[in-house]
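*Asks:*
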Ligand code: HXC
Ligand code: NAP
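In my numbering, the protein residues as written are 2 to 291.
1. According to DSSP, is residue 46 helix, strand or coil?
2. Count the C-beta pairs between the region 139 to 149 and the region 196 to 204 that are closer than 8 Å, then say yes if the count reaches three, no if not.
3. Suppose you measure from the CA of residue 238 to the CA of residue 278; what does that come to, to the nearest Å?
4. Relative to the alpha-carbon of residue 156, which residue among 55, 265, 28, 54 has its alpha-carbon at the smallest distance?
5. From what residue to what residue does the alpha helix (DSSP H) around residue 119 run?
6. Quick one: Cα of residue 81 to Cα of residue 33, how far?
7. For residue 170 and residue 126, which I take to be in contact (beta-carbon distance under 8 Å), what is that distance rounded to the nearest angstrom?
8. Given residue 13, which residues of its chain have a CB within under 6 Å of its CB, disregarding the five upstream and five downstream residues?
9. In this structure, does DSSP put residue 70 in helix, strand or coil?
10. So residue 229 packs on residue 242, CB below 8 Å; how close in whole Å?
11. Does DSSP put residue 246 in a helix, in a strand, or in coil?
12. Pop quiz: residue 105 and residue 121 are said to be a contact at Cβ under 8 Å. What is the actual Cβ separation, rounded to whole angstroms?
13. Taking 7 Å as the line, does the beta carbon of residue 113 fall inside it for any heavy atom of the ligand HXC?
14. Pull the bridge partners of residue 149 from the DSSP assignment, please.
15. Closest by CA to residue 68, which one among 217, 195, 44?
16. Is the beta carbon of residue 196 closer than 8 Å to that of residue 231?
17. For residue 20, name the three-state secondary structure that DSSP assigns.
18. Please report how far the alpha carbon of residue 96 lies from the alpha carbon of residue 4, in whole angstroms.
19. Is the beta carbon of residue 198 less than 8 Å from the beta carbon of residue 259?
20. Considering just the uninterrupted stretch of the alpha helix (DSSP H) at residue 133, what are its terminal residues?
21. Of all the options 17, 285, 9, which has the alpha carbon lying nearest to the alpha carbon of residue 147?
22. Would you kindly report the start and end of the unbroken alpha helix (DSSP H) that includes residue 38?
23. Going straight from the alpha carbon of residue 184 to that of residue 281, what length do you get?
24. Which residue's Cα is closest to the Cα of residue 99: 218, 236, 285?
25. In angstroms, rounded to a whole number, what distance separates the CA positions of residue 292 and residue 225?
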């Protein structure tokens, strides 16, 4: 058994209907596939119907279950409410929402137009809050429990240059997660977040490591465990947090980054660059034999 394998027992999500924003590609798709393996049905949404339809078809062929593709730009409240209506019409009840849709790119902040900044804020923060509000209001009115799982990243709390709109928006999503975990717990609604480190996807790599950057910056080098993430290990964590096994986990953000952000934070962590011979010399100069 290892991290490339599914972790939860068969049927762990049986009877659960789960909405995944941005579910047609990348990590949203990977998490959705594992939810299907565990017995869930899905609604996957994004702006591109052709991508969603193709993904839904492939997912059902490979993993079984029901996958409904619905076009929805999370920035548009009318589209969000219509999409939620379709979820309820199709399944009667949605048990969990995975807020995964995002937009991002690298740029010096002073080069960004107002529209560029707002585009990322709107997809990530406004989009997540609109989906959350729509689902939450429905669950409360229908007296149904529910669970939110929001995908942020570690710079939600450290901040990061060159992705400033994304950092500001993800920080907002984290605040939303923690706030509603308390406010809506009385309705049986839990809210948690996952903060992934680098997990290669076409969407993220093409925008964060465009052109030659991918050759110059190997993200694995920044990670203490020496590698990037594997989609299945993120899917394992997501499945646990969206399932009833995590019933007592509420308002938390779980980091899955191989220790990456802490490596950047610890004052002396860069001393790993010192070779063993130099440590030997330093010991010798203190009078200790190597
Ligand atoms: C500067 C840019 C830009 C760039 C777009 N803009 N790309 N500015 N650098 N690379 C500007 C445009 O010029 C425009 O401003 C404004 O942003 C809106 O651009 P559009 O192309 O019209 O927007 P839209 O079609 O809505 O596309 C949104 C997008 C795009 C965010 C720009 O990249 C997208 O669709 N992304 C979705 C998927 C995605 O980003 N996945 C990666 C998530 S990875 P003007 O002023 O010219 O009108 C992630 C990882 C985090 O979040 C952590 C990693 C460890
Ligand atoms: P991705 O494949 O580009 O996923 C982003 C998804 O969001 C796409 O399916 C995209 O579909 C959808 N989307 C974008 N704008 C939208 C909008 N306005 N309305 C609805 N859907 C929209 O990239 P990914 O790497 O899998 O990222 C998934 C999540 O993980 C994001 O929240 C990201 O911030 C987070 N994350 C990723 C990493 C990583 O290393 N990959 C690390 C930390 C966090 P359309 O273009 O069809 O709309």
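The C-beta atom is built at its ideal place from N, Cα and C for all residues, glycine as well.
*Replies:* With the given structure in hand:
1. On the chain shown, position 45 is the one that residue 46 refers to. Secondary structure at residue 46: strand, using DSSP grouped into helix, strand and coil.
2. The way I'd put it, the region 139 to 149 doesn't touch the region 196 to 204; fewer than three beta-carbon pairs between them come closer than 8 Å.
3. Counting from 1 along the chain shown, the entry for residue 238 is found at position 237. Counting from 1 along the chain shown, the entry for residue 278 is found at position 277. Using only the alpha carbons, I get a separation of about 41 Å.
4. Indexing the chain shown from 1 puts residue 156 at position 155. Here the closest residue by C-alpha is 265.
5. On the chain shown, position 118 is the one that residue 119 refers to. Per DSSP, residue 119 belongs to the alpha helix (DSSP H) from 115 to 122.
6. Here residue 81 refers to the residue found at position 80 of the chain shown. Here residue 33 refers to the residue found at position 32 of the chain shown. Cα atoms of residue 81 and residue 33: separation of roughly 19 Å, rounded to the nearest angstrom.
7. In the chain shown, residue 170 corresponds to position 169, counting from 1. In the chain shown, residue 126 corresponds to position 125, counting from 1. Going by Cβ atoms, the distance from residue 170 to residue 126 rounds to 4 Å, so yes, they are a contact pair.
8. As a first step, residue 13 is located in the chain shown; it is residue number 12 there, counting from the start. If you ignore the 5 residues before and after residue 13, its C-beta comes within less than 6 Å of the C-beta of 39, 244, all in its own chain and listed in chain order.
9. Counted from its first residue, the chain shown places residue 70 at position 69. Three-state result, residue 70: strand.
10. Mapped onto the chain shown, residue 229 falls at position 228. Mapped onto the chain shown, residue 242 falls at position 241. The distance from the Cβ of residue 229 to that of residue 242 is about 21 Å, inconsistent with a contact at the 8 Å cut-off.
11. Numbered from its first residue, the chain shown carries residue 246 at position 245. Helix at residue 246.
12. Within the chain shown, the letter at position 104 stands for residue 105. Within the chain shown, the letter at position 120 stands for residue 121. Indeed they touch by this definition, with Cβ atoms about 6 Å apart.
13. For the purposes of this step, residue 113 is taken as the residue at position 112 of the chain shown. Yes, the beta carbon of residue 113 sits closer than 7 Å to at least one heavy atom of the ligand HXC.
14. Position 148 of the chain shown, counting from 1, holds the residue named residue 149. Partner(s): 98, 192.
15. Walking along the chain shown from the start, residue 68 turns up at place 67. Comparing Cα positions, the closest option is 44.
16. Position 230 of the chain shown holds residue 231. Position 195 of the chain shown holds residue 196. In this structure, residue 231 lies away from residue 196, with their beta-carbon atoms at least 8 Å apart.
17. Counting from 1 along the chain shown, the entry for residue 20 is found at position 19. Three-state result, residue 20: strand.
18. Looking up residue 96 in the chain shown gives position 95. Looking up residue 4 in the chain shown gives position 3. The straight-line gap separating the alpha-carbon atoms of residue 96 and residue 4 is approximately 26 Å.
19. In the chain shown, residue 198 corresponds to position 197, counting from 1. In the chain shown, residue 259 corresponds to position 258, counting from 1. Cβ atoms of residue 198 and residue 259: closer than 8 Å.
20. For the purposes of this step, residue 133 is identified with residue 132 of the chain shown, where counting begins at 1. Taken as a continuous stretch (DSSP letters only), the alpha helix (DSSP H) holding residue 133 covers 128 to 143.
21. Here the question's residue 147 lines up with position 146 in the chain shown. Its Cα nearest to that of residue 147, the residue 17 stands out among 17, 285, 9.
22. Position 37 of the chain shown, counting from 1, holds the residue named residue 38. In the DSSP assignment, residue 38 falls within the alpha helix (DSSP H) that extends over 27 to 38.
23. On the chain shown, residue 184 is found 183 positions in, with the first residue counted as 1. On the chain shown, residue 281 is found 280 positions in, with the first residue counted as 1. One Cα belongs to residue 184, the other to residue 281, and the distance between them is close to 56 Å.
24. Walking along the chain shown from the start, residue 99 turns up at place 98. Answer by Cα proximity: 236.
25. The question about residue 292 has no answer here: the residues shown for the chain are numbered 2 through 291.
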